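Here's the structure we're looking at; comments come further down.
Number of protein chains: 2
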Amino acid sequence: MTPDDLNTDAASALDPAPSSTGHRNCPVRDVLDRLGDKWSTLILVTLSQSPQRFNALARAVPDISRRMLTETLRHLERDGLIWREVTPSTPPSVRYGLTPLGASLMSPLTELIAWAERHQPEIVAARARFNGRMANS
Amino acid sequence: MTPDDLNTDAASALDPAPSSTGHRNCPVRDVLDRLGDKWSTLILVTLSQSPQRFNALARAVPDISRRMLTETLRHLERDGLIWREVTPSTPPSVRYGLTPLGASLMSPLTELIAWAERHQPEIVAARARFNGRMANS
DNA sequence: CGGAATCCCCAATGATACTG
DNA sequence: CAGTATCATTGGGGATTCCG
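Next up, the structure:
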């Protein structure tokens, strides 16, 4: 892979661009942006345990507002990573869960998370060194 | 791994929190946030090719402002993912490159990128279906 | 219960200009 | 060349309210 791959302009025809942060439709940056949008990863990991209802998700993901929960779920659903199942009872019930596509993302994602956990001490140490160097300069 | 792992409050003692977006010092979210900060991944991938000088990076990463390039490089350096080598000539020269730690991140990162490229067609298709469902509803 | 709509603020980012 | 400093902008996202 070359760095250029991260800047391809692979247009996706229709598409009001879910996160129109200005960059063009690069598939890679598209996915990476999503993972960085603060909530998606959290939700995906939570759903990887088992399907959840809306309010269960709200409780499972601390501090997320319903607004952002709704929005993030829509994005993930739109991208085919999760499914949404409405049971029109009273009160209504809505369940969310990972699609096969979403489940397939968990593999590289958990590896990345594992990396983060494995190397956290090194990162903390590096920060301490960096702060030390900045202090006496 | 459980979802709770994403919300641990593993404090890192000192640390003015590079991205104080409000969430506590969770190592995992910390790393994921960094990858999502729009430029870090781009820079890491570029540097994984070979060490680069400041302006070479600026050219290699389209549309990044010098301000954001500097800031992102500082963050990456601070976290021990890249090194910074100053040659105090006139004009000065500064090279950046991946540390072993940064290089070790490339492995899970490229897997994630490979996933994105591999499954892009499915995502595009899912978006088309989603847009279609929204249209006639 | 599970949203949608609205208001609003501040933090992230860009633009610009200056410096060792 | 490789930054730093300052100002202006904007849109992400929290809080709140309303709806089926």
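Residue numbers (my numbering), protein chains in the order written: chain A, 16 to 152; chain B, 16 to 152. For each residue, glycine too, the CB sits at the ideal point set by N, CA and C. Note that the coordinates shown come from a computational prediction; the quantities given were computed from them, not determined experimentally.
Simplified DSSP assignment, three categories, for residue i
i                : result
LEU113 (chain A) : strand
VAL76 (chain A)  : coil
TRP54 (chain A)  : coil
SER104 (chain A) : coil
Chain-order list of residues whose beta-carbon lies under 6 Å from that of residue i (same chain, five-residue window excluded)
i                : result
GLY117 (chain B) : LEU96, ILE97
PHE69 (chain B)  : VAL109
MET231 (chain B) : Residue 231 (chain B) is absent from the model: chain B starts at 16 and stops at 152.
VAL101 (chain B) : VAL109
ARG148 (chain A) : none
Environment of residue i [buried if 16+ CB atoms lie within 10 Å]
i                : result
THR87 (chain A)  : buried
VAL139 (chain B) : buried
SER55 (chain B)  : buried
VAL43 (chain A)  : buried
ASP78 (chain B)  : exposed
ASP106 (chain A) : For the record, residue 106 (chain A) in the displayed sequence is Pro; it is not Asp. Its Cβ having fewer than 16 others within 10 Å, PRO106 (chain A) is exposed.
ALA129 (chain B) : exposed
ARG142 (chain A) : buried
PRO123 (chain B) : buried
ALA131 (chain B) : buried
Same chain only: Cβ atoms within 7 Å of residue i, ignoring 5 sequence neighbours per side
i               : result
ALA75 (chain B) : THR61, GLN67
LEU50 (chain B) : THR56
Sequence-distant residues of the same chain with beta carbon closer than 8 Å to residue i, five excluded per side
i                : result
ARG99 (chain A)  : LEU88, GLU92, VAL109, ARG110, TYR111
LEU84 (chain B)  : TRP54, ILE58, PHE69, LEU72, ALA73, VAL76
GLU126 (chain A) : none
GLU137 (chain A) : none
THR114 (chain A) : GLY95, LEU96, ILE97, TRP98
Near the ligand COA: residue i beta-carbon under 6 Å from a heavy atom
i               : result
LEU47 (chain B) : The ligand content of the structure shown is nil, which means the ligand COA is not present either.
Note to self: So if I threshold CB-CB distances at 9 Å, which residues from the region 96 to 123 of chain B count as touching chain A?
What the structure shows: Answer in chain order: LEU96, THR114, LEU116, SER119, LEU120, SER122, PRO123.
Next item on the list: Check each residue of the region 55 to 72 of chain A: if its Cβ is closer than 7 Å to any Cβ of chain B, include it; give the result in chain order.
Entry: Against chain B - using a Cβ distance shorter than 7 Å - the residues of the region 55 to 72 of chain A are THR56, LEU57, VAL60, THR61, GLN64.
Notebook entry, point to check: Of all the residues that make up the region 78 to 95 of chain B, which are near chain A by a beta-carbon distance shorter than 8 Å?
Noted result: Answer set for the region 78 to 95 of chain B: ASP78, GLU92, ARG93, ASP94, GLY95.
Next item on the list: Name, going along the chain, the residues of the region 138 to 151 of chain B whose beta-carbon falls closer than 8 Å to a beta-carbon of chain A.
Entry: Answer in chain order: ILE138, VAL139, ALA140, ALA141, ARG142, ALA143, ARG144, PHE145, ASN146.
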